[in-house]
Amino acid sequence: MRHPVDARRPAIYLVVGVVLALGAALLGGPAATGAPAGPAPAPQAAAPAQPAPACTEVRESLRPRGPLPAPGAMPAGSTMAAIAQRGRLIAGVDQGKFLTGYRNSLTGTLEGSDIDVVHTIAKAIFGDPQRVQFVVLNIADRATALERDQVDVVVNNFTVTCERQRTVEFSAPYMPASQRLLVPLGSGIREVEDLGGRTVCTSLGSTTEVVLRDLGLQVETLPGIPDCVLEMQRGRVAAVSSDDVILAGLAAQDPNTRVVGRALDTARYAVGMRPDEPDLVRFVNGVLEAARADGSLAASNRFWYTGRLDPVPPPPPPVYRD
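Taking our numbering, the leading residue of the sequence shown gets 17, the next gets one more, and so forth.
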């Protein structure tokens, strides 16, 4: 059915047109000059993102400022005071690396040289080394856990690299390490050259992977070194490569393996923290300095690695950038 035409509509349309034209004139639009509106300009392509500058140098850490505050008396407004208020230090660690960070099957507790470092930091904040919530992390998740503010610190064989320093602030190193090979007894493998095209396994996202690929080796990566050991025991890979302190723990667990080869690379383990919490970085460096001075850091290394790693690595002296 046709609807009757409303005679008022042309007048309404005219009024609306006048209002729109006046608005365009006031805003300087196309109607301001009476020129017809042309086609909209084509959107300009976004400029390609500039790649991040290549890393060329590892930065040293931040110097401690003054004496350490007494446990339970963290400076007001500091990151440490916020941790103290929460009642526990949240630390990202591993639970599968014998001697460095592992879960004792008899007690269910986490133990190892890295775990000792976490307890030392907690004791400095609370006066109680047990005030810790441990968060178990895969190698590839360490930096992400800090970026997402899931942990306060990461103490998990965390090697200081220039690339990682884009998103992580590290303490001064507390332990040196050398990258080597773990192989089955009787394999005939003594150096990487003896692999003869066979596969070597290491953890995904580790600096070890980069070194192995740069050597032209056939590499398989898995979430953790224990996964690689299982692959080696099944005969699917010929060797496992990681830091000697990690491999020493694996060899201690499996007497049918041994650590061999020259150092393919050297590393420095440090505590990882968020870049926007420099006060915590300086505090942790003060804690590590005290542990070097009283001998407790070296004593921890001797406890875990004597008879399993020769020589037992001493704590490196700190160097700071400020």
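Even glycine gets a Cβ: it sits at the ideal position worked out from N, Cα and C. In this text the structure is predicted, and so the values were computed from the model without any measurement.
Exercise for the section: Could you please give me the residues that DSSP links to K113 through a beta bridge? Expected result: For K113, which the question treats as bridged, DSSP gives the partners G117.
Exercise for the section: Look up V171 in the DSSP assignment and say whether it is helix, strand or coil. Expected result: coil
Exercise for the section: Determine the DSSP secondary structure at V74, reduced to helix, strand or coil. Expected result: coil
Problem - Cβ shell of D310 (< 6 Å), same chain only, five flanking positions each side left out - result: none
Practice task
Report the residue ranges of all beta strand (DSSP E) runs contained in full by the stretch 217-282; include only those spanning at least 3 residues, in chain order.
Solution key: 234-238, 255-259
Practice task
Let me know the secondary structure DSSP gives Q149 once reduced to three states.
Solution key: strand
Handout entry: Bridge partner(s) assigned by DSSP for Q192
Key = At residue 192 the sequence reads Pro, which differs from the Gln that was named. For P192, DSSP records a beta bridge to R284.
Problem - Nearest candidate by alpha-carbon position, reference V253, set T215, P271, V208, S187 - result: T215
Exercise for the section: With DSSP as the reference, label G302 as helix, strand or coil. Expected result: DSSP places G302 in helix when its eight states are reduced to three.
Exercise for the section: Excluding the 5 residues preceding and the 5 following E207 in the sequence, name in chain order all residues of the same chain whose CB lies nearer than 6 Å to its CB. Expected result: Contacts found: G277.
Problem - Beta-carbon gap between V300 and S187 smaller than 7 Å - result: Note that the C-beta distance between V300 and S187 is below 7 Å.
Problem - Rounded Cβ spacing between L84 and Y336 (contact assumed at less than 8 Å) - result: In fact, because the Cβ distance is near 16 Å, the residues do not count as touching under 8 Å.
Practice task
Going by CA-CA distance only, name the one from Q181, R274, Q166, M96 that's closest to K139.
Solution key: M96
Problem - Which listed residue (A98, N120, T177, G103) has its alpha carbon closest to that of V287 - result: T177
Exercise for the section: Under 8 Å by Cβ, that's how I've got F150 and V109 pegged, so tell me the actual separation to the nearest angstrom. Expected result: 5 Å
Exercise for the section: Could you say if the stretch 264-272 and the stretch 112-122 meet the contact criterion of at least three C-beta pairs nearer than 8 Å? Expected result: Judged by Cβ distances under 8 Å, the stretch 264-272 makes contact with the stretch 112-122, as three or more pairs qualify.
Problem - Exposure label - Q195; buried when at least 16 CB within 10 Å - result: Q195 should be labelled buried.
Problem - alpha helix (DSSP H) segment containing T160, residue limits - result: 158-163
Exercise for the section: If I'm right that V74 touches Q181 with Cβ under 8 Å, what's the distance once you round it to whole angstroms? Expected result: 7 Å
Practice task
Report the residue from I99, E225, P189, D132 whose alpha carbon sits nearest the alpha carbon of L330.
Solution key: The residue asked about is misnamed: residue 330 is Pro in this sequence, not Leu. If we check each option's Cα against that of P330, P189 comes out closest.
Problem - Cβ pair G143, P87 closer than 7 Å - result: yes
Practice task
Measure the alpha-carbon distance for T123 versus C217 and round it to whole angstroms.
Solution key: 31 Å
Practice task
Assign E209 to one of two classes, buried (16 or more other C-beta atoms within 10 Å of its C-beta) or exposed (fewer than that).
Solution key: E209 comes out exposed.
Handout entry: Closest residue to L231 among D281, D168, A307 (Cα-Cα distance)
Key = D281
Practice task
Use the C-beta contact count for G213: other C-beta atoms within 10 angstroms, 16 or more gives buried, fewer gives exposed.
Solution key: exposed
Handout entry: Integer Cβ distance of I137 from V303, believed to fall under 8 Å
Key = Taking a contact as a CB-CB distance under 8 Å, the pair I137 and V303 counts as one, their CB atoms being some 5 Å apart.
Handout entry: A92 in three-state terms, based on DSSP
Key = coil
Problem - For H135, the nearest candidate out of E236, I106, A255, S121 (CA to CA) - result: I106
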